[in-house]
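Number of protein chains: 2
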Amino acid sequence: MSITTPRGFRAAGVAAGLKSTGARDVALVVNDGPLASAAAVLTSNRVQAAPVVWTRQAVSDGAARAVVLNSGGANACTGPEGFADTHRTAEHVAAVLSAGAATPEDEVGAGDVLVCSTGLIGLRLDMDGLLGGVDAAAGALDPDGGDDAAHAIMTTDSVAKQAAAQRDGWSVGGMAKGAGMLAPGLATMLSVVTTDAVVDAATADAALRAATRTTFDRVDSDGCMSTNDTVILLASGASGVEVTLAELTSAVTDVCASLARQLVADAEGASHDIAVTVRGASTEDAALACARAVTRSNLFKAAVFGNDPNWGRVLAAVGTVPPDVAPYDPLSLDVAINGVQVCRAGGVGEPRELVDLASHRDVHVDVDLHAGDSEVTLWTNDLTHDYVHENSAYSS
Amino acid sequence: MSITTPRGFRAAGVAAGLKSTGARDVALVVNDGPLASAAAVLTSNRVQAAPVVWTRQAVSDGAARAVVLNSGGANACTGPEGFADTHRTAEHVAAVLSAGAATPEDEVGAGDVLVCSTGLIGLRLDMDGLLGGVDAAAGALDPDGGDDAAHAIMTTDSVAKQAAAQRDGWSVGGMAKGAGMLAPGLATMLSVVTTDAVVDAATADAALRAATRTTFDRVDSDGCMSTNDTVILLASGASGVEVTLAELTSAVTDVCASLARQLVADAEGASHDIAVTVRGASTEDAALACARAVTRSNLFKAAVFGNDPNWGRVLAAVGTVPPDVAPYDPLSLDVAINGVQVCRAGGVGEPRELVDLASHRDVHVDVDLHAGDSEVTLWTNDLTHDYVHENSAYSS
Numbered sequence: 002m003s004i005t006t007p008r009g010f011r012a013a014g015v016a017a018g019l020k021s022t023g024a025r026d027v028a029l030v031v032n033d034g035p036l037a038s039a040a041a042v043l044t045s046n047r048v049q050a051a052p053v054v055w056t057r058q059a060v061s062d063g064a065a066r067a068v069v070l071n072s073g074g075a076n077a078c079t080g081p082e083g084f085a086d087t088h089r090t091a092e093h094v095a096a097v098l099s100a101g102a103a104t105p106e107d108e109v110g111a112g113d114v115l116v117c118s119t120g121l122i123g124l125r126l127d128m129d130g131l132l133g134g135v136d137a138a139a140g141a142l143d144p145d146g147g148d149d150a151a152h153a154i155m156t157t158d159s160v161a162k163q164a165a166a167q168r169d170g171w172s173v174g175g176m177a178k179g180a181g182m183l184a185p186g187l188a189t190m191l192s193v194v195t196t197d198a199v200v201d202a203a204t205a206d207a208a209l210r211a212a213t214r215t216t217f218d219r220v221d222s223d224g225c226m227s228t229n230d231t232v233i234l235l236a237s238g239a240s241g242v243e244v245t246l247a248e249l250t251s252a253v254t255d256v257c258a259s260l261a262r263q264l265v266a267d268a269e270g271a272s273h274d275i276a277v278t279v280r281g282a283s284t285e286d287a288a289l290a291c292a293r294a295v296t297r298s299n300l301f302k303a304a305v306f307g308n309d310p311n312w313g314r315v316l317a318a319v320g321t322v323p324p325d326v327a328p329y330d331p332l333s334l335d336v337a338i339n340g341v342q343v344c345r346a347g348g349v350g351e352p353r354e355l356v357d358l359a360s361h362r363d364v365h366v367d368v369d370l371h372a373g374d375s376e377v378t379l380w381t382n383d384l385t386h387d388y389v390h391e392n393s394a395y396s397s
Numbered sequence: 002m003s004i005t006t007p008r009g010f011r012a013a014g015v016a017a018g019l020k021s022t023g024a025r026d027v028a029l030v031v032n033d034g035p036l037a038s039a040a041a042v043l044t045s046n047r048v049q050a051a052p053v054v055w056t057r058q059a060v061s062d063g064a065a066r067a068v069v070l071n072s073g074g075a076n077a078c079t080g081p082e083g084f085a086d087t088h089r090t091a092e093h094v095a096a097v098l099s100a101g102a103a104t105p106e107d108e109v110g111a112g113d114v115l116v117c118s119t120g121l122i123g124l125r126l127d128m129d130g131l132l133g134g135v136d137a138a139a140g141a142l143d144p145d146g147g148d149d150a151a152h153a154i155m156t157t158d159s160v161a162k163q164a165a166a167q168r169d170g171w172s173v174g175g176m177a178k179g180a181g182m183l184a185p186g187l188a189t190m191l192s193v194v195t196t197d198a199v200v201d202a203a204t205a206d207a208a209l210r211a212a213t214r215t216t217f218d219r220v221d222s223d224g225c226m227s228t229n230d231t232v233i234l235l236a237s238g239a240s241g242v243e244v245t246l247a248e249l250t251s252a253v254t255d256v257c258a259s260l261a262r263q264l265v266a267d268a269e270g271a272s273h274d275i276a277v278t279v280r281g282a283s284t285e286d287a288a289l290a291c292a293r294a295v296t297r298s299n300l301f302k303a304a305v306f307g308n309d310p311n312w313g314r315v316l317a318a319v320g321t322v323p324p325d326v327a328p329y330d331p332l333s334l335d336v337a338i339n340g341v342q343v344c345r346a347g348g349v350g351e352p353r354e355l356v357d358l359a360s361h362r363d364v365h366v367d368v369d370l371h372a373g374d375s376e377v378t379l380w381t382n383d384l385t386h387d388y389v390h391e392n393s394a395y396s397s
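Chains A and B supply the protein sequences, listed in that same order. For reference, each letter of the first sequence is one residue, going 2 to 397 in our numbering. For reference, each letter of the second sequence is one residue, going 2 to 397 in our numbering.
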């Protein structure tokens, strides 16, 4: 149930002093091959952290041998000096891994090392700490080290997020961090997914993009998009099993879906997990736009925190989507909350008192546009006192 | 300093039992002329409350003699029955006002009565209470009744919002309610603005649209847009002073700007008022899009609540605006918070510790895109425990 479930990988997670708490904060993942196929999906934010800029370039050849991840600092908005820090980190990892190389072919170049950082924006990293952490992590690399790595990338996460999908003779494993700033186009989340299937880089890229589109991209905790979001897929080929794009996509999607649900369940300060299904839409994009409007309504999400099935706020949110994006008749809208049809044909339906939110963490909002056959489900959380508290206190 | 500051108006505000607290909940504003010029700007939400549908139709001829407003129920998402309730309210107001008519020309038709409602969505109004309230309000109409009316439209507002602009021989007065759900395209806000200038309906409409575009539309408390937002301008002509469109626009803008600032200052549970200025933009729309991204960032607004000048969250928000909407180079962005240049050229500037948010309610965020000459300022609030509390408890 980790990134070292698939064969051909070693991992480690160590404490390097980047976090003031003394918790683990540097993770290293190494792909021992025989393949080094790699793909990455990166934040679409125009303000991109140095490690995102680096990783985009480093993975462009479809190959990577290692990923180094740190918590305790995002290395975003840190200028040319911050980019130099990321470059230096990758070079250091490459040198450390090459020191044990049996043959020149086993040597690792900096361009084969992907870098991820998470933490506060706008501060330089403690490079002495980080490079020392890389040394320690390299010494601790273990074929069962996935769990250690998953713990080392946590920030405000309360639990490590891990998943695996077992197939016939091959598998996919994954880890993720993120507990706020989850938003479409990814979120402040880092995720590494591994497989021992035999796949080339183009297949890995296609599978990862298909998987993230229907998993991480359908999680929206607070509508905010981060500067550091990264999802990486590494394929070692160590199983010797060749798989099709469809098979790989299915397994990677299973792992990403599990990780995405774990992120929502651990979102900062949430007391309810909310699934918003919009059905009867003219297109998938129309359904997505309406669902996003609901998952971004602070008013609705605060109502859910208060165990108040305030369906008027659902309609008010859906009503903000322009007609050219999502055609529908406002007087045809139906809304059910946890199975109770509280709104029928844009008007009052069953009594809202029939909806019991207090006894359930899970809330299911079902909106029917009656305008087509497309359907989408997004996941989000309620807006709570604890969300405000955690996000007001994070950097101070 | 009220809607009865201009001559030619009477107003009243009474308690009709729509609010469980026994507070005033029905307001009536009557334009005694000689003119009955009227204009309205209404929510752009596709889910529109019955009074919005009614008012849009009733004002389409550019004339109105009265506005009836109730708190204690929004009459939104209430179907054909809800629309019938609004129609009946307008007819009742017309009948009551016509009862005292000296001549047939003084009689008021239902189509001359605009209707506004505010409160919970999805519940029918208590019509016996409302119509009784109309009778009481008609009996209490007073040339100095503006203050009473302003109090009767309050919901979670902690203070009544009123303003006036005195010009040479004529004036503009206004009242507004709203303390949450303030968003572009208006907000859950109702506002009535009056003037005794001599203006026709087309001039009133042009002035009102110009004024709201740069005032109410630049207030964004929580990104949510309501089903009931209405701003009405009534002109009595009682001053006998003819004014130009520019003169009227200036005075109406002054009143709307004052009311908009009062709305932000009283936003539900806020502890900081935040002005976000985006300058150096290629167009006004580009500046607006970037400013809106910041005013809608829960993470940034929660940081301000924690007195944390977390400028990285400002950059992360600006970074979500697509390049075709707002061209800029992320490595050229400057951010100042309360005058301290915390971010320079997309990287670290002055130490964030120099920013003192704890001692000031007002926060000014200044973003320079270095991509043109356009500039926009939006107003919003921080995201606080009290915001979550008030909006989780509102309907229960």
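Don't be surprised by glycine CBs; every beta carbon is placed ideally from N, CA and C. Treat the numbers as computed from the prediction; the structure is a model and nothing was measured.
Residue i: first and last residue of the uninterrupted beta strand (DSSP E) it sits in
i: residue 162 (chain A); result: 162–167
i: residue 302 (chain A); result: Taken as a continuous stretch (DSSP letters only), residue 302 (chain A) belongs to no beta strand (DSSP E), being part of the alpha helix (DSSP H) at 299–306.
i: residue 128 (chain B); result: From DSSP, residue 128 (chain B) is part of no beta strand (DSSP E) but of the alpha helix (DSSP H) over 128–140.
i: residue 116 (chain B); result: 114–118
i: residue 255 (chain A); result: Segment 246–266 is the alpha helix (DSSP H) holding residue 255 (chain A); no beta strand (DSSP E) there.
Contact with chain A by residue i, beta-carbon distance below 9 Å
i: residue 389 (chain B); result: yes
i: residue 280 (chain B); result: no
i: residue 316 (chain B); result: yes
i: residue 334 (chain B); result: yes
i: residue 215 (chain B); result: no
i: residue 342 (chain B); result: no
i: residue 66 (chain B); result: no
9 Å Cβ cutoff, residue i in contact with chain B
i: residue 234 (chain A); result: no
i: residue 52 (chain A); result: no
i: residue 81 (chain A); result: yes
i: residue 122 (chain A); result: yes
i: residue 321 (chain A); result: yes
i: residue 263 (chain A); result: no
i: residue 312 (chain A); result: yes
i: residue 77 (chain A); result: yes
i: residue 7 (chain A); result: no
i: residue 306 (chain A); result: yes
Three-state secondary structure assigned by DSSP to residue i
i: residue 145 (chain A); result: coil
i: residue 312 (chain B); result: helix
i: residue 380 (chain A); result: strand
i: residue 337 (chain A); result: strand
i: residue 193 (chain A); result: strand
i: residue 237 (chain B); result: coil
i: residue 152 (chain B); result: helix
Sequence-distant residues of its chain with Cβ nearer than 6 Å to residue i (five each side left out)
i: residue 123 (chain A); result: 78
i: residue 1 (chain B); result: The structure shown does not extend to residue 1 (chain B), since chain B is modelled only from 2 through 397, so no value can be given for it.
i: residue 263 (chain B); result: 162
i: residue 99 (chain B); result: 108, 109
i: residue 367 (chain A); result: 278, 337
i: residue 350 (chain B); result: 342, 343, 344
i: residue 252 (chain B); result: 166, 168, 173
Other residues of its chain near residue i: CB distance less than 7 Å, five sequence neighbours each side excluded
i: residue 133 (chain A); result: 17
i: residue 246 (chain B); result: 204, 207, 208
i: residue 236 (chain B); result: 36, 38, 196, 198, 200, 205
Endpoints, alpha helix (DSSP H) assigned at residue i
i: residue 291 (chain A); result: 285–296
i: residue 70 (chain B); result: Not the alpha helix (DSSP H): residue 70 (chain B) falls in the beta strand (DSSP E), residues 67–71.
i: residue 83 (chain A); result: 80–100
i: residue 53 (chain B); result: 51–59
i: residue 214 (chain B); result: 202–214
Supposed close pair residue i, residue j - CB separation, criterion 8 Å
i: residue 37 (chain A); j: residue 13 (chain A); result: Not really, about 19 Å apart at Cβ, beyond 8 Å.
i: residue 121 (chain B); j: residue 74 (chain B); result: 6 Å
i: residue 193 (chain A); j: residue 94 (chain A); result: About 14 Å; that fails the 8 Å criterion.
i: residue 304 (chain B); j: residue 393 (chain A); result: 6 Å
Spatial neighbours of residue i in its chain, beta-carbon cut-off 8 Å, leaving aside the 5 residues before and after
i: residue 288 (chain B); result: 279, 280, 282, 327, 370, 375, 376, 377
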